[in-house]
Amino acid sequence: MRSIVLANQKGGVGKTTTAIHLAHGFAIAGQRVLLVDLDPQGNATVAVQGMQADGEVEPPHASMTAIAERLWLLPSAGSVTADSEAKLDTERLHAVVRGLEKEIDVMVVDSPPRMDDWGWAGVQLCDEVIVPVQAEFFSMHGLSQMMASLEEASQRFPGKGQLRGVLPTMVHAREEIASEVLVDLRQNLGATLLNSVIFRDSSLVEAASHGQSVFSHSPWSKGALCYTELVQEIMHG
Ligand SMILES: Nc1ncnc2c1ncn2[C@@H]1O[C@H](COP(=O)(O)OP(=O)(O)OP(=O)(O)O)[C@@H](O)[C@H]1O
Ligand SMILES: [Mg+2]
1 MRSIVLANQK GGVGKTTTAI HLAHGFAIAG QRVLLVDLDP QGNATVAVQG
51 MQADGEVEPP HASMTAIAER LWLLPSAGSV TADSEAKLDT ERLHAVVRGL
101 EKEIDVMVVD SPPRMDDWGW AGVQLCDEVI VPVQAEFFSM HGLSQMMASL
151 EEASQRFPGK GQLRGVLPTM VHAREEIASE VLVDLRQNLG ATLLNSVIFR
201 DSSLVEAASH GQSVFSHSPW SKGALCYTEL VQEIMHG
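Numbering (my numbering), first residue to last: 1 to 237.
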């Protein structure tokens, strides 16, 4: 089972949006996917709660719900108890995930904008980390804190939390400054920067407000194409 966490201590950079679309994209590509909401705010849980798989699909575990074909959600404990101060039961989480090796191909984990118990649980649970970063002038500056956390994670949890790549998000397609920021990120990060770029696209916001993924809401939008490309890059190399 592959395991990928979306992590960045900075808020509002596209972690939840990327987690949801990676999960949907992998499932569309034929993989059996578990989306884990590890943010006590439960944004991912709320975003997908109206989604349903066609037909009766038995989830791999009683605490999960089917949200699309081959795609299950492990909701946030915070949203289940309507309590954003909810405590994380790490042992139970690990027990649930350990039993899934045969039933799930890819686990995608959304995490909160800070390295608290929940944030650390995400990197401890996953082999790979994708760090979404909003493409703006101070992008590199904000990244250093996250890189330091990943360095610490590699010591605390050997083999876990390896950086798979940094993903530029909310890139303004027509602004010159955006391409300067991308060049700057490439110079600083080299191969650590993923090739995929997520452009700013209102379709992503509209899809979310309709409780849908952008793949079903507007399949030919820029947002859908960007996330399709990301899924291909993460799946194939
Ligand atoms: N590429 C994009 N284009 C336009 N809007 C976007 C894009 N990506 C995300 N958004 C919007 O930006 C807001 C923040 O995105 P998101 O919730 O995914 O970030 P986050 O990193 O999970 O935030 P938090 O740290 O609060 O959990 C949301 O309203 C989302 O719909
Ligand atoms: Mg989020």
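By construction, the Cβ of each residue, glycine as well, lies at the ideal position given by its N, Cα and C atoms. Note that this is a predicted model, so its numbers are computed, not measured.
Helix, strand or coil for residue i per DSSP?
{"i": "W242", "result": "Nothing about residue 242 can be read from this structure; the chain reaches only from 1 to 237."}
{"i": "M1", "result": "coil"}
{"i": "D184", "result": "helix"}
{"i": "M146", "result": "helix"}
{"i": "L194", "result": "coil"}
{"i": "L34", "result": "strand"}
{"i": "Q52", "result": "coil"}
{"i": "I104", "result": "coil"}
{"i": "L225", "result": "helix"}
{"i": "L88", "result": "coil"}
Name the residue from the options whose alpha carbon lies nearest to the alpha carbon of residue i.
{"i": "G25", "options": "F137, W72, V171 and E136", "result": "W72"}
{"i": "V108", "options": "I28, S139, D37 and A207", "result": "D37"}
{"i": "A153", "options": "T228, V123, H172 and V166", "result": "V123"}
{"i": "N195", "options": "A178, L167 and S209", "result": "L167"}
{"i": "L182", "options": "T228, M140 and C126", "result": "M140"}
{"i": "Q9", "options": "S144, A68, P75 and G159", "result": "S144"}
{"i": "G14", "options": "A66, D117, D54 and V171", "result": "V171"}
{"i": "R2", "options": "V57, G55 and V106", "result": "V106"}
{"i": "T90", "options": "E103, D116, C226 and I104", "result": "D116"}
{"i": "Y227", "options": "Q212, A62, L204 and G237", "result": "L204"}
{"i": "A68", "options": "A47, L185, I28 and V5", "result": "I28"}
{"i": "A47", "options": "I20, D127 and R70", "result": "I20"}
What distance in whole Å lies between the Cβ atoms of residue j and residue i, which are believed to be in contact at a cut-off of 8 Å?
{"i": "V214", "j": "S221", "result": "6 Å"}
Comparing the CB of residue i with every heavy atom of ligand 1, is any distance shorter than 6 Å?
{"i": "P158", "result": "no"}
{"i": "M51", "result": "no"}
{"i": "P219", "result": "no"}
{"i": "M115", "result": "no"}
{"i": "M170", "result": "yes"}
| Closer than 5 Å: residues whose CB approaches a heavy atom of ligand 2 | That gives K15, T16 and N43.
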